[in-house]
Amino acid sequence: MNDRRLSAYMASMYGLALCALLLTDWSSLATLPSQALIGWLGLILIGVLSEGLAIGLSVGAATSTSSITFLPLLAAVQLFGPAAAVVLVTVTQVFGEFVVRRKPVGRVLFNVSQALGATVAGGYLFTVMGGVALQGHEGVGAPTMTQQLLPFIVFGLAFLAVNHAAVSMAITLSQG
Numbered sequence: 002m003n004d005r006r007l008s009a010y011m012a013s014m015y016g017l018a019l020c021a022l023l024l025t026d027w028s029s030l031a032t033l034p035s036q037a038l039i040g041w042l043g044l045i046l047i048g049v050l051s052e053g054l055a056i057g058l059s060v061g062a063a064t065s066t067s068s069i070t071f072l073p074l075l076a077a078v079q080l081f082g083p084a085a086a087v088v089l090v091t092v093t094q095v096f097g098e099f100v101v102r103r104k105p106v107g108r109v110l111f112n113v114s115q116a117l118g119a120t121v122a123g124g125y126l127f128t129v130m131g132g133v134a135l136q137g138h139e140g141v142g143a144p145t146m147t148q149q150l151l152p153f154i155v156f157g158l159a160f161l162a163v164n165h166a167a168v169s170m171a172i173t174l175s176q177g
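Numbering (the numbering used here) for the sequence shown: 2 to 177.
Here it is as structure tokens:
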């Protein structure tokens with residue numbers, strides 16, 4: 002019974018991730034100037050590197066890893082907007098899960114899907130709260146730090162909340 006519930010939950014997470022990809026506004030990436038594109042690709046590289054250099058942790062028989070990939074994610078949403086953050090989290094998660102942690106395909110798909118969904122949810126709230134990508138808004142009329150602070154905090158908290166809730170539910174369903 003628990004296997005069916007877990008499978009249904011994982012399938013729903015895949016579907017939500019697909020819907021999130023379809024609902025993401027990709028137009029902001031198409032208008033990035035070449036220098037900004039290089040900066041964004043640099044952030045993706047930093048994210049991949051941080052996954053590759055993740056610190057291994059073990060408590061008893063349980064092992065895990067910890068990385069700082071969250072930092073390039075925060076920078077990406079602030080500098081280039083939610084769509085850039087979605088690409089960054091997808092690339093770094095796929096690399097981290099397949100290459101670094103060598104997880105089976107089902108777990109990789111779930112972890113990438115829930116991270117993608119968390120990023121899209123956070124990005125949506127970032128935009129709704131008035132957050133804008135700083136790239137393209139330099140000089141006069143650029144958003145101030147105080148205008149960006151609340152959307153930035155909301156993005157981070159939403160990402161963490163969705164991420165932890167999704168993983169907690171999967172663990173709960175897998176343990177019965």
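We treat Cβ as the ideally placed atom computed from N, Cα and C, and that holds for glycine.
Close Cβ partners of residue i (< 6 Å) along its chain, the five nearest in sequence each way excluded
i	result
Ser175	Leu7
Met11	Phe111
Phe96	Val49 and Glu52
Ala37	Gln136
Ala167	Gln115
Cα-Cα separation, residue i to residue j
i	j	result
Ala9	Ala119	19 Å
Leu23	Ile56	34 Å
Phe153	Ala122	13 Å
Thr25	Phe71	20 Å
Ser29	Gly61	46 Å
Leu158	Ser68	18 Å
Arg103	Ser114	17 Å
Met170	Asp4	13 Å
Ala143	Cys20	32 Å
Gly107	Met14	12 Å
Met2	Ile47	Legend: pLDDT at Met2 = 48, less than 50; position of this residue unreliable, value from coordinates given subsequently. The straight-line gap from Cα to Cα measures roughly 42 Å.
Ala84	Thr91	11 Å
Val155	Leu126	7 Å
Residue span of the alpha helix (DSSP H) that contains residue i, given as start and end
i	result
Ala55	Taken as a continuous stretch (DSSP letters only), Ala55 belongs to no alpha helix (DSSP H), as it is neither H nor E.
Ala31	Ser28 to Ala31
Gln148	Met146 to Gln176
Neighbourhood of residue i by C-beta, 7 Å cutoff - its chain only, sequence neighbours within 5 removed
i	result
Phe99	Val109
Gln94	Asn112, Val113 and Ala116
Own chain, CB closer than 8 Å to residue i, minus 5 neighbours either side, in chain order
i	result
Thr32	Gly137
Original post:
Which runs of the alpha helix (DSSP H) spanning at least 4 residues fall entirely within the region 39-109, listed in chain order?
Top reply: With a minimum length of 4 residues, the unbroken runs of alpha helix (DSSP H) contained wholly in the region 39-109 fall at 71-81 and 83-95.
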